[in-house]
Structure formats: structure tokens, C-alpha cells
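Numbering (the numbering used here), first residue to last: 5 to 407.
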């Protein structure tokens, strides 16, 4: 996006540097990474990043302060997954943006999704460092937002571990060894001293939770939650404890926020960067938001609580819309499709970038942007699983070009 850095990188790129990048990532994450790692980072103008940061924060505060919205969002949580003692605000926020071209030729962000759930904070830190190291990039390019690497990890330590002994803090996931995000878990383990624990292996002792650490039953005082309810339902995973019980445990990322700020929020948001969105049941009853096209080819059907783009349909047919049960229609959106601009020059043509702003929000602190995550793709779908068979696409990182 910044021509000088883009062309300089393309000119100096070699397959050997990329191979070194992959080797370094495997070594530093103690895994064989099963993700499409893009050959290039993306060079982001600081002003554009600032636009996204401010928009994501404004939308987040809009939702958290709207008690009627919070009541409606709370009702979307399945009763068996409604966890007690929810915090006043989420500890983690992500805001995904892509770019559209305005009539005057300028580029402007458009929201893809807000999600109050942790992203791959650890892996992204390593990925950004290795892009800079392996490709010998300009040290003035900023991998973080307003913080150093040390401050970045101190911020994560504060929100994830808090004042606890790391031995009493766990990263909780569903079948973590089989997750493609395992590299991220390993980085968190190494940097924070916590352990990754399968949700089925946690045990309840009255109001307390315990896990086995080096053969010793160890109390769990705080949980860094990475378990997604959608996956538990699909795989029929049963936690080793009662999720709904009033437990003596803290949450770093309370599970209820996965539902309370998600795609469900899109019809409630008021911001020029938000595309027109409507719940499917309202849509089928004839309710149309301002700005929604009459052309079916401009519509996207989105399930509310899926992850990584699962279930999204472009130009959904009337038969498909009607086939969704009346009880399921409130869990789907019709959204105006934005024609996102492909403006990252690569040897294989122009590529589209989707930029995620990663925030933390400590229990007694402020919503704070820390870094970016970027996905590169050329098809309709931007997720790394949808771009596995192409080159110069996939998971990437943003490097911010100072003004």
C-alpha cells in the first residue's frame, strides 16, 4: 500500500528468504505450521491504520454502552454455554477491515467484522519479527501500535496472567494439539509461562477448578479462553466441568463475549464504515436497511456464530434463504457485499488485504490497540483456508509506515 516499500520488497524477494522465514517460524513456535503463510508483509500507512483503530474503538464502545443491545446479545447465548460472572467489558477485541475505492479514487476502510475474542497475539508477534529479520526490512517500520515488543508482551501478561502465578493460569482450548492455532499457543506458553489445557481435562472441585501440571493437581485461578462454542457443538465436546456454575475462577476473555460482540452486532452499529446489514428473519419479512442493493448478486449470507468464514454464501438464492428454519433465521445475516480493492502488488497480480486491529482491554484499564494482523487473498473468501493453493496470499502481518 506504500509504493516505495512494496516495490523494494518485491525486487529483493527470494524463495530462500521465504524458506528461511518458514523454518524460523516452525522453530520459534515448536510446531510445523499448518497455515498458508504469505510471502510478504503488508506496508500500512500510519494514517490508514489510525482510521481503523479509531473506528473499531468507537464501534466497540457503542456496543458496550448500549444496554438494550447487551440484553438482546445475551439472549443469543445457548443456556448450556452461558457462563456466570461476566465482566463489564471484553478483555480482547478484534476489528477486521478491508478497503473500498470511493468515487474520487481515495481508499476508505469498511468493517468486515467485530469479534470480542482473542486472536493470535503471540504468533503475530513472531511472524512480524521474522518478516523483518529474514527480509532485512527497514527498522523504522513499526510492527506494533505505539509500543515496543517488551511493552506489547507486558500488556498481554497483564491482561492474561494478571497478578497470578503463571502455574495457576491456563490457556483453555478444544483439542489444542489439533488446532491450526497451536503455534500461537506455544508462543504464549513460552512468553508467559502458562500451559495449554484441553477443556475436557479440567476438573471441578466444588467451586474450584484444577488441572494436572507435571503430574500434580494444580488450582486454576484464571483462564485465557480460546475455546469456541461453535466447535464444541459441532464436535459434541463436553467440558470437564460445569461451564454454567458459579466458579471461583477469573476469565481472561469471558466466554460470553464471544456471543455478545460478534456478527450479531452488525445491524446495530451506526458508523459510515459499516455495510448495510439485516437479520435474515427481518429481511424475509420485508425489512431492508438503507443502502442495501436490490441486486441479489450484491448480497452475502452470514451465519452469526461460525468462525474462519464457515458457512458464508455469496449471492444466496431464494431457495437457500427459505430453506433455513424459522428458528435459525435470527442466527443469519444478509449483508451488502462490499467490492474490496485489490491493491497489493505481487508477482502474481494485485492482491486484496484484510486488516485486523488487535486490542486488549484490561479489567481496570482502557481499550488499547496493540498490533495488526493481515490476510491476503484473491478470491471471494479471505480466510487462509480459502487461499491454500495460491502464492503470495494467506496469513500475513502489517508493518506500519510512520508519517
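Just so it is clear, CB atoms sit at the ideal spot from N, CA and C, and this is done for glycine as well.
In the three-state scheme derived from DSSP, where H, G and I count as helix and E and B as strand, residue 156 is classed as helix. Positions of the beta strand (DSSP E) runs, each at least 3 residues long and wholly inside the stretch 61-128, are given as 96-105 and 111-119 in order along the chain. With 16 or more other Cβ atoms inside 10 Å of its own Cβ, residue 131 counts as buried. Partner residues in the beta bridge of residue 363, as assigned by DSSP, are 97 and 373. Runs of alpha helix (DSSP H) with 4 or more residues, each lying fully within the stretch 246-316, are found at 261-264 and 284-288, listed in chain order.
Residue 324 sits in a helix when the DSSP states are folded into three classes.
Contact check for residue 376 against residue 159 fails: the beta carbons are separated by 8 Å or more.
Contact annotation: the stretch 224-240 does not touch the stretch 45-63, with fewer than three C-beta pairs closer than 8 Å. Comparing alpha carbon positions, the residue from 24, 101, 40 and 32 closest to residue 344 is 101. Taking C-alpha positions only, residue 262 is separated from residue 349 by approximately 35 Å. In this structure, residue 149 sits near residue 57, with a CB-CB distance shorter than 8 Å. Contact between residue 164 and residue 196 is confirmed by a C-beta separation of about 6 Å, below the 8 Å threshold. When secondary structure is reduced to three states using DSSP, residue 346 falls in the strand class. For residue 333 and residue 129, the gap between their C-alpha atoms comes out near 39 Å. In the DSSP annotation of this structure, residue 185 is not part of any alpha helix (DSSP H), being labelled neither H nor E.
Judged by pairs of C-beta atoms under 8 Å, the stretch 85-93 does not touch the stretch 287-304, as fewer than three such pairs exist.
Taking C-beta separations shorter than 6 Å and ignoring five residues to either side along the sequence, the partners of residue 342 in its chain run 104, 114 and 279, following chain order.
The straight-line gap separating the alpha-carbon atoms of residue 202 and residue 309 is approximately 21 Å.
Burial state of residue 155 is exposed, judged by a 10 Å Cβ sphere holding fewer than 16 other Cβ atoms. For residue 18, the three-state secondary structure derived from DSSP is coil. For residue 233, the enclosing alpha helix (DSSP H) stretches over residues 233-239. Three or more beta-carbon pairs separated by less than 8 Å link the stretch 207-214 to the stretch 236-252, which places the two stretches in contact.
Counting the other Cβ atoms within 10 Å of the Cβ of residue 258 gives 16 or more, which makes it buried. A straight-line Cα-Cα distance of about 10 Å links residue 48 and residue 7.
Residues 117, 306, 308 and 337 of the same chain have their beta carbon placed closer than 7 Å to that of residue 267, with the five preceding and five following residues left out of the count.
Here residue 202 is bridged, per DSSP, to 177.
When C-alpha distances from residue 184 are compared across 224, 124 and 222, the shortest belongs to 124. Collapsing the DSSP output to three states places residue 10 in a helix. Here the alpha carbon of residue 87 sits roughly 11 Å from the alpha carbon of residue 254.
Note: residue 49 is bridge-paired with 405 in the DSSP secondary-structure output.
Linking residue 157 to residue 367 through their CA atoms gives a straight-line distance of about 17 Å.
Closest in alpha carbon position to residue 316, among 323, 322, 326 and 303, is 303. Contact between residue 260 and residue 81 holds, since their C-beta atoms are separated by about 6 Å, short of 8 Å. In terms of Cβ geometry, residue 99 and residue 360 form a close pair [threshold 8 Å]. In the structure shown, residue 132 falls within a helical segment according to DSSP collapsed to helix, strand and coil.
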